[in-house]
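Remarks on the structure that follows.
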Ligand code: MTE
Ligand code: MO
């Protein structure tokens with residue numbers, strides 16, 4: 014059993030798949046803290062968790078011809094200026110189960126918990142690439158990452174991001190060795206992972222073994238044959254993965270974490286809580302909440318840290334306390350967020366449904382009963 018050596022996990026996690034391990038925190042725990050505690054941070058593994066020795070760990074940095082190749086130990090990485098940043102990581106498949114309800118898709122049945130926030134620390138990728146003598150600023154180049162996790166044929170997890178993002182100090186791409194002040198937990202990439210603020214989780218390669226600058230995107234299955242969006246009309250017979258760009262920045266997203274779907278709330282006043290986030294550093298400027306399925310709206314209060322323009326890498330938590338309209342027996346609670354480009358969420362799944370169930374960001378809906 015290649016999974017026999019996987020780490021022990023927190024019992025509160027809702028498990029979607031045991032081998033490989035995929036799990037999300039329950040909604041009410043997800044928004045209990047602005048920073049998600051490490052033990053309940055959602056986990057998305059495609060393969061068994063490697064068991065790496067910090068003493069012998071080496072990161073291979075391979076530049077284009079003319080550049081130096083580096084083999085960096087953990088101590089070597091600690092010599093670079095330590096950079097810290099709070100970043101929300103979201104899987105492209107977050108909220109996939111809502112797409113499934115509309116029409117079958119292929120993928121893990123994530124609810125709204127395939128998203129979490131941590132304070133990450135490590136070396137900036139641009140500093141490490143500069144050390145390798147890397148001065149290219151070609152718009153066509155890519156930085157490819159390879160994990161040290163692999164399948165029985167020896168194929169490793171891999172992904173890439175455009176070189177321009179990697180080289181931009183303002184993009185704050187990290188080779189992270191700390192998560193919330195602790196060494197990375199094994200499930201989250203010990204000893205080193207990539208953190209790409211504002212970009213889909215799939216590019217945040219864990220158990221990082223190799224970084225290389227290439228003319229082409231990563232040839233990994235997960236870069237080329239997965240994590241892409243398609244029209245609702247595309248099915249498994251007609252899909253052409255080469256025709257769509259790889260997902261990088263994610264669209265605006267929000268979800269309700271309290272109350273839960275199917276719950277009973279007391280008449281009088283109801284407290285509604287949730288999260289909102291957008292990709293590419295776009296800040297959340299507003300969250301609208303409806304108690305009547307979207308007929309009328311109220312503006313929620315945004316909690317959490319104030320966001321820097323163009324560098325809003327982390328989510329906002331939000332809440333709304335609202336009187337329950339007299340005589341109501343049930344509430345259809347809906348939320349939708351607006352980012353600082355005035356991007357909005359689509360009102361329903363149908364127009365954004367896709368065969369892989371990614372980019373699921375329709376208005377989030379929760380139905381509750383009211384006790385008289
Ligand atoms: N990196 C490696 N090496 N192997 C993986 O399976 N999964 C990716 C990414 N990095 C993965 C990986 C995906 S799809 C996501 S959403 C994030 O890691 C999840 O990170 P987390 O488990 O720390 O939440
Ligand atoms: Mo993911």
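In the working numbering, the protein residues as written are 14 to 385. Backbone N, C-alpha and C fix where the C-beta goes; we use that ideal spot for every residue, glycine too. Note that the coordinates shown come from a computational prediction; the quantities given were computed from them, not determined experimentally.
Of all C-beta pairs linking the stretch 322-338 to the stretch 360-371, fewer than three are shorter than 8 Å, placing the two stretches out of contact. Taking a 10 Å sphere around the C-beta of residue 288, we find 16 or more other C-beta atoms and assign the residue as buried. The beta carbon of residue 125 sits no closer than 7 Å to any heavy atom of the ligand MO.
Residues of the same chain with a CB within less than 8 Å of the CB of residue 23, apart from the 5 flanking positions on each side, are 52, 53 in chain order. Taking 8 Å as the upper bound for CB-CB distance, residue 252 and residue 291 are not in contact here, some 27 Å apart. Excluding the 5 residues flanking it on each side, residue 293 has same chain C-beta neighbours closer than 6 Å at 211, 262, in chain order.
The set of residues with a C-beta under 5 Å from any non-hydrogen atom of the ligand MO comprises 57, 104, 214, 215, given in chain order. Going by DSSP, residue 177 is part of the alpha helix (DSSP H) stretching over 176-180.
About 13 Å separates the beta carbon of residue 331 from that of residue 352, a gap too long to meet the 8 Å contact definition. Placement of the Cβ of residue 218 at a distance of less than 7 Å from at least one heavy atom of the ligand MTE is found. Counting the other CB atoms within 10 Å of its CB gives residue 38 a total of 16 or more, which places it among the buried residues. In the structure shown, residue 360 falls within a coil segment according to DSSP collapsed to helix, strand and coil. Just so you know, the alpha carbons of residue 103 and residue 208 end up roughly 11 Å apart.
Shortest gap from the CB of residue 164 to any heavy atom of the ligand MTE: 7 Å or more.
Residue 140 holds the alpha-carbon nearest to the alpha-carbon of residue 92 among 60, 140, 49, 56. Here residue 48 carries a coil assignment [DSSP, helix/strand/coil]. Taking 4 residues as the shortest admissible run, the stretch 158-216 contains the following complete alpha helix (DSSP H) segments, listed from N- to C-terminal end: 176-180. For residue 80, DSSP assigns no beta-bridge partner whatsoever. Pairing residue 182 with residue 137 gives a Cβ-Cβ distance under 8 Å. By the Cβ neighbour-count rule, residue 64 is exposed, with fewer than 16 other Cβ atoms within 10 Å of its own. At a threshold of 7 Å, residue 72 does not count as near the ligand MTE, since its beta carbon sits no closer than that to any of the ligand's heavy atoms. Taken from the Cβ of residue 160, at least one heavy atom of the ligand MTE lies inside 7 Å. Minimum Cα-Cα distance from residue 382 among the listed residues 348, 274, 324, 357 corresponds to 274. Per the Cβ contact rule, the stretch 94-111 is not in contact with the stretch 153-166 (fewer than 3 Cβ pairs under 8 Å). Collapsing the DSSP output to three states places residue 313 in coil.
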